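In our numbering, the protein residues as written are 3 to 84. Take a look at the structure below.
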Amino acid sequence: MYRDLGYSGPPITSFVNTYAPSAYSNGTVVPALSGYNMTAAYDPHGYLDIYYLISGEGNVLYISGSPASTLGQLAQAINESA
């Protein structure tokens with residue numbers, strides 16, 4: 003989210019490389035941060051720990067929160083979209 007909504011946390015690239023190294027290295031997952039307008043569109047209430055898996059075409063494939071407890075579901079969504 004835009005400027006991490008004012009909170010500090012691990013860089014998204016480090017997070018993805020730690021939890022999905024093969025998906026990161028082969029280009030299946032490209033970590034990115036959103037700008038202000040995208041954050042306003044996807045997270046207008048400023049919820050923390052929410053994340054989106056968005057396809058290259060801009061389709062939302064998966065939405066969840068609390069990454070530490072939902073990594074299994076996220077990995078499954080990544081594998082299904084690859």
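Ideal Cβ placement from N, Cα and C applies to all residues, glycine included. Note that the coordinates shown come from a computational prediction; the quantities given were computed from them, not determined experimentally.
Given residue i, which residues of its chain have a CB within under 7 angstroms of its CB, disregarding the five upstream and five downstream residues?
| i | result |
| --- | --- |
| residue 66 | 53, 72, 75, 76 |
| residue 19 | 26 |
| residue 62 | 54, 56 |
| residue 70 | none |
Go ahead and pull the three-state DSSP assignment for residue i.
| i | result |
| --- | --- |
| residue 18 | helix |
| residue 66 | strand |
| residue 35 | coil |
| residue 73 | helix |
| residue 49 | coil |
| residue 44 | helix |
| residue 26 | helix |
Report yes if the C-beta distance between residue i and residue j is below 9 angstroms; otherwise report no.
| i | j | result |
| --- | --- | --- |
| residue 79 | residue 55 | yes |
What residues in its chain sit with their C-beta under 6 angstroms from that of residue i, if we drop five residues either side in the sequence?
| i | result |
| --- | --- |
| residue 8 | none |
| residue 33 | 14, 15, 18 |
Give a yes or no on contact between the region 39 to 47 and the region 11 to 20, applying the rule of three or more CB pairs nearer than 8 angstroms. Here the region 39 to 47 makes no contact with the region 11 to 20; the two share fewer than three CB pairs at distances below 8 angstroms.
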